[in-house]
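A.B. asks:
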Amino acid sequence: PLAVASSLSLLPFLLALLLLFLAPSYSAGAQVEEEGDGYGGDARAASVAVTGAANAAGTSATTPPPSADDSYWWNEVTGEVSMSDPLVEAKGHHDLGHDRTFWTDPNTNKQVWEVPEAYAWEEVPSKEDPTRKYFWNPVSQVSTWDKPAVLGWNVAEIGFWYNTVTGESRNAPPPEIGYHDPEKNRTYWVDPVTHAPVWFPPPQWSWRAERSEDPAHNGEAFYVNTVTGESTWERPAVLAWSRKSRSKTYYFNRVTGKSTYQRPRELGHVDKATGRVYYEVAPRNDNPHLQLRSGSSSAAAAAAAAGTGGGAKEVTWEVPKYAAGAWTEHQSKDDAPHPGQTYFHNSVTDKVQWTKPEETAWITFHEDL
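The sequence shown: position 154 = 365 (my numbering), numbered continuously.
1) Just mark GLY252 as buried or exposed, buried being the case when its beta carbon has 16 or more other beta carbons within 10 Å.
2) Taking LYS562 as part of the beta strand (DSSP E), name the residues at either end of that continuous run.
3) Assuming contact is defined by CB atoms lying nearer than 8 Å, are VAL181 and GLU421 in contact in what I supplied?
4) In the structure shown, what three-state DSSP assignment does VAL483 receive?
5) With H, G and I counted as helix, E and B as strand and the rest as coil, what does DSSP make of TRP587?
6) Does the beta-carbon distance from LYS455 to ASP579 come in below 8 Å?
7) In whole angstroms, what is the alpha-carbon distance linking GLU394 and VAL401?
8) Whole angstroms are fine: how far does the CA of SER442 sit from the CA of VAL292?
9) Under 8 Å by Cβ, that's how I've got VAL488 and GLY479 pegged, so tell me the actual separation to the nearest angstrom.
10) When you compare each of SER354, PRO317, TRP573 to VAL335 by their alpha carbons, which one comes out closest?
11) With distances taken between CB atoms, is the gap from TYR399 to TRP416 smaller than 8 Å?
12) Please list, in chain order, all residues of the same chain as THR471 whose beta carbon is under 7 Å from its beta carbon, the five residues on each side excluded.
13) What residues in its chain sit with their C-beta under 7 Å from that of SER458, if we drop five residues either side in the sequence?
14) Short of 7 Å in beta carbon distance, which residues of its chain neighbour GLU569, apart from the five on each side in sequence? Order them along the chain.
15) Alpha carbon to alpha carbon, what distance is there between ASN348 and TYR490?
16) Give me the residue from MET294, ASP316, THR289 with the minimum Cα distance to LYS302.
17) When you compare only the Cα positions, how much space is there between TRP565 and ARG446?
18) What are the residues that DSSP puts in a beta bridge with LYS455?
19) Which of helix, strand or coil does DSSP assign to GLN322?
20) Less than 7 Å between the CB of SER337 and some heavy atom of the ligand GTP, yes or no?
21) Work out the CA separation of HIS305 and ARG311 for me, nearest whole Å.
22) Would you mind working out which of TRP364, GLY440, TYR345 sits nearest ASP357, comparing C-alpha positions?
23) Given this structure, state the Cα-to-Cα distance separating VAL559 from PHE371, to the nearest angstrom.
24) So what does DSSP say about THR439, is it helix, strand or coil?
25) What are the boundary residues of the alpha helix (DSSP H) that includes LEU301?
26) Might you give, ordered along the chain, the residues of its own chain that have their beta carbon closer than 8 Å to the beta carbon of PRO386, omitting 5 neighbours on each side?
27) Going by the CB atoms, is the gap between HIS556 and TRP581 shorter than 8 Å?
Set out below in structure tokens:
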């Protein structure tokens, strides 16, 4: 039977168990673009790096809908994990009649106007060594170097799981990575055929990555099934899982190789009030207010809130010539000089070209958690 972990080292596994019951899996739902790391290894250790020379290879999928609360709390002192804010009582409650904060003392269960001793801890820099901090309780007049549990809570994002091979994304941890039994401090799996718990991964999940010693392959990774002995150059899906952030994203351009944390101008901005996309047109140094073409002032307000540049800018609902949305992809006709070849057309400028426009080459990457 699984027991509640009390060690910080067990936190990731406790989280995995909690997440398992949060939501069903999804194979569709903003765009996620992933890069393979070229080696494989433990899927939970996979990473995505922001680099201007990033490899554009990868698969795409969309993020699954977030659960009701996409955050959890973990305590670095006790090892506890909570799906609801454990500091509600420590923060106190507001009494509207007296316009004051009150607390419920956890020791006496009585409501009090002063902060109870259990919640009164403060972090203070040491006078002898400012790089060190100690903890002081003004109610009990006690000091200690050990962090009190009430100060040990941290909030973290749950995120979602993504598979770079299949493109599947899901809220719950995939069964292929196994589950942790804190009582025995071991990973176990549930066999997808027999549905029985086992201490070793079933054959279909028993893959590992190795490096080729053949000079012709220059240390390229290949994959071996430790049960069947099968080997392949293709990365098995079981090794391609990683947990992704919904909020920590960056953009990569497959044509130019550039990457940025700022939303590219070519993609426009989403007006939260209407869900529509608006675009920046040009600086308006002669007018301190944002102007809007062909639409309500909600887009202008959204642009002002975004603070996307120095100085006021004119914005519009209309797709400008530089926008990704101005380009469409077509196939040349059979009687054309290049039958069946893909070309691109800009509906604003009427320009036609054979190469993919860099404006349309932006993809979104979700960082690992």
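Quick reminder that beta carbons are idealized off the backbone N, C-alpha and C, glycines included. The structure presented is a predicted model; accordingly, all values stated were derived computationally and were not measured.
C.D. replies: Quick answer:
1) Residue placement at GLY252 is flagged as unreliable, the pLDDT there being 29, under the threshold of 50; a coordinate-derived value is accordingly withheld.
2) Here LYS562 belongs to no beta strand (DSSP E), and DSSP marks it neither H nor E.
3) Since the displayed the chain opens at 212 and closes at 580, residue 181 lies outside it and no answer follows.
4) In the sequence under discussion, the amino acid at residue 483 is Lys, which differs from the Val named in the question. Reduced to three states, the DSSP call for LYS483 is coil.
5) Because residue 587 is not part of the residues shown, which for the chain are 212 to 580, the question remains open.
6) yes
7) 17 Å
8) 40 Å
9) 4 Å
10) SER354
11) no
12) TYR461, TYR462
13) GLU368
14) Sequence-distant partners of GLU569 (beyond 5 residues in either direction) whose C-beta falls short of 7 Å from its own C-beta, in its chain, are ASN464, VAL466, THR467.
15) 53 Å
16) ASP316
17) Using only the alpha carbons, I get a separation of about 33 Å.
18) Answer by DSSP bridge pairing, in chain order: PHE371, ASP579.
19) Strand, per DSSP.
20) With respect to small molecules bound, the structure shown includes none, and the ligand GTP cannot be examined in it.
21) 6 Å
22) TYR345
23) Cα to Cα, the separation comes out at about 38 Å.
24) coil
25) Reading the sequence as shown, one finds Ala at residue 301 and not Leu. Run containing ALA301: 299 to 302, per the alpha helix (DSSP H) assignment.
26) TRP400, VAL401, PRO403
27) Residue 581 lies beyond the range of the chain shown here (212 to 580); nothing can be said about it.
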